[in-house]
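*Asks:* Residue numbers (my numbering), protein chains in the order written: chain A, 2 to 486; chain B, 4 to 131. All residues carry an ideal CB built from backbone N, CA and C; glycine is no exception. Quantities reported herein were computed from a predicted structural model and do not represent experimental measurements.
(1) Quick one: which chain A residues come within Cβ less than 8 Å of residue 75(B)?
(2) Does the beta carbon of residue 66(B) fall short of 8 Å from some heavy atom of the ligand GDP?
(3) Check whether the Cβ of residue 26(B) lies closer than 9 Å to any Cβ atom in chain A.
(4) Please confirm whether residue 43(A) has its beta-carbon closer than 9 Å to some beta-carbon of chain B.
(5) Residue 142(A) bridges to which residues according to DSSP?
(6) Just curious, the alpha helix (DSSP H) that residue 296(A) is in, first and last residue?
(7) List, in chain order, every chain A residue whose beta-carbon is nearer than 7 Å to that of residue 99(B).
(8) How is residue 129(B) classed by DSSP in three states: helix, strand or coil?
(9) Between which two residues does the alpha helix (DSSP H) carrying residue 365(A) extend?
(10) Can you find a C-beta in chain C that's less than 9 Å from the C-beta of residue 131(B)?
(11) Output yes if chain B places a C-beta closer than 9 Å to the C-beta of residue 88(A); else output no.
(12) Specify the secondary structure class of residue 409(A) as computed by DSSP and reduced to three states.
(13) What residues in the stretch 32-61 of chain B have a beta carbon less than 7 Å from any beta carbon of chain A?
(14) Within this structure, are the beta carbons of residue 72(A) and residue 333(A) separated by less than 9 Å?
(15) Just list the residues that DSSP pairs residue 120(A) with in beta bridges.
(16) For the stretch 154-208 of chain A, list the alpha helix (DSSP H) runs that are entirely contained and at least 4 residues long, ordered along the chain.
(17) Hey, is the stretch 33-44 of chain B in contact with the stretch 93-111 of chain B, meaning 3+ C-beta pairs nearer than 8 Å?
(18) Determine whether the Cβ of residue 19(B) lies closer than 9 Å to any Cβ atom of chain A.
(19) Quick check: the stretch 99-106 of chain A against the stretch 402-413 of chain A, are there 3 or more CB pairs under 8 Å?
(20) Quick one, which of 421(A), 485(A) and 383(A) has its alpha-carbon nearest residue 156(A)'s?
(21) Report the CB separation of residue 74(A) from residue 385(A) in whole angstroms; it is logged as a contact under 8 Å.
(22) Note down, in chain order, every chain B residue with its Cβ under 7 Å from the Cβ of residue 221(A).
(23) Skipping 5 residues on each side, what residues in its chain have a beta carbon closer than 7 Å to that of residue 126(B)?
(24) Using a threshold of 9 Å, state whether the C-beta atoms of residue 443(A) and residue 176(A) are closer than that.
(25) Over the uninterrupted beta strand (DSSP E) stretch that includes residue 310(A), give me the two end residues.
(26) Counting only beta-carbon separations shorter than 9 Å, does residue 96(B) have a partner in chain A?
(27) Name the one or two DSSP bridge partners that residue 385(A) has.
(28) Verify the CB distance criterion: does residue 114(B) have a CB-CB separation below 9 Å to chain A?
(29) Looking at chain B, is there any beta carbon in it that lies within less than 9 Å of the beta carbon of residue 409(A)?
(30) Restricting to Cα atoms, I'd like to know which of 74(B), 61(B) and 112(B) is closest to residue 95(B).
(31) Would a check of beta-carbon distances place residue 77(A) closer than 9 Å to chain B?
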């Protein structure tokens, strides 16, 4: 046999197909690309799942969400949550309780923010000078200063905020939204993850994983550089008719196979993936191509500047995707590159410089297109940082110092989709350490987002074998109505 | 092949090469349309199908024999009557289509297109 012909075992080793779930012969038949004539549409045994649009139980305020996820933990103390007490007691010893992630480098030396805060917008929201562009949209955002997960490391706190509990393997928010609402776009993946060219986020694809929900609800990651999606063009001789015939035969064979393996939702997922792939060949090229955007728009995002180009491009793509009906878009940073245990004086300004202008432009652009009211924009990480110095390492200056983890009180901002503009919610103690007023726990945050999409966090459940899984497990979870317009 | 841990190769990334920072404690899997696009349109996939078609043509001279050879290699089983009918109709239609191009080996192209379908099928990719 020709060595180029892969064996079944080789294919299985290099690809990972044993997944998921989904359903959707409608996908293949929808565009007439695949014929009824094949006589395929046998009912599948058991419940089937798809991403066709579904109405939520209550009228929704939000229809789509873009999450700019700043993994690592942006310092609320230096960006969002000014504390005169820290400035006053800068250099003194902190005498309260502290929980460190890195005890070996820990100190109790208070470090006030080295950057100035200014009142911005009509609302007078106080924001750091490191985020000048955010200040220009202060009246459109809700700044939450009282986030709390209480799981003091990155992975658990990340999963608490995105899956409802600080453990691996649960479905993320985006997957729950797809399950409940489907997608207005049948030609693009309903849930798209845009990653950083410098690397995947910490925990990789688990950040867009459907957990135990059917695999049709998982996020699709695209390449972090052009071309964002490979293989959108069929080989010349297969284009058109032959490829349609291939897809038709493939569906017929796969349906027959599925009939012999009822309830295997991963098989259905692959069926659906071929239908979407066929339609994406046209739609995706257009959606991911920002070249036709006016220069003024590209400039507003910062596509024209080397420092902001990448993040600006991804923010612009996110807007184009939502415009075309995509339900959920996540824009990630590499690894957890807001994790400033050291060198916060240089690294925090670097991170802010990359994202500040694009993030603000995204909100402004959505607003000028009339899309902001129905699109939740989220900007935040999985934690904040401590008011004291980490990594003194014997040096007398603060050139290389940083701040350790803090999941007991941190900040994030949201805009659009029914959130209240120009509003600061909640407060931390006088050191910016623990949320003490209007605390928004991870489960409150998730319940609130679901509410804006017309969903009830109590009712949102999915049966897996003998038990039910929920996004929001805590009985004390509440929709934080103060945050809503 | 040199692979940088933080920057997975494109093809491997499409098929869930794990994140290796700081280490891989779990393999994760996805089933998404970008993978279907690989099977449909990638040169690698087309080359593998071409090679498999050539091998089947070397084994048998007629469509029925070639199909049996493919099924034996891929599924270790003969095609059912329904599969013979579906694949046979596909081959005949595609061969007629490709015959319009005088430079093409229509029989090979049609068989290669079939090989691509069979190798992309769930029966081939999932072990029972």
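*Replies:* This is what the structure holds:
(1) Near residue 75(B) there are no residues of chain A at all, since even the closest Cβ is about 12 Å away, more than 8 Å.
(2) Looking for the ligand GDP in the displayed structure turns up nothing, as the structure carries no ligands at all.
(3) no
(4) Confidence is the limiting factor: at residue 43(A) the pLDDT is only 34, short of 50, which leaves the residue's position unreliable, though a coordinate-based value still follows. No, no contact with chain B.
(5) 416(A)
(6) 296-302
(7) The contacting residues do not exist; residue 99(B) stays about 11 Å from chain A at best.
(8) coil
(9) 345-369
(10) Given the protein chain composition of this structure (A and B), no chain C is represented.
(11) no
(12) coil
(13) 32, 33, 34, 35, 36, 37, 38, 39, 40, 41, 43, 44, 45, 49, 50, 51, 54, 55, 57 and 58
(14) yes
(15) 127(A)
(16) 155-164 and 174-182
(17) no
(18) yes
(19) yes
(20) 383(A)
(21) 6 Å
(22) 35, 36 and 37
(23) 78
(24) no
(25) Where residue 310(A) is concerned, there is no enclosing beta strand (DSSP E), although the alpha helix (DSSP H) it sits in stretches over 310-324.
(26) yes
(27) 407(A)
(28) no
(29) no
(30) 112(B)
(31) no
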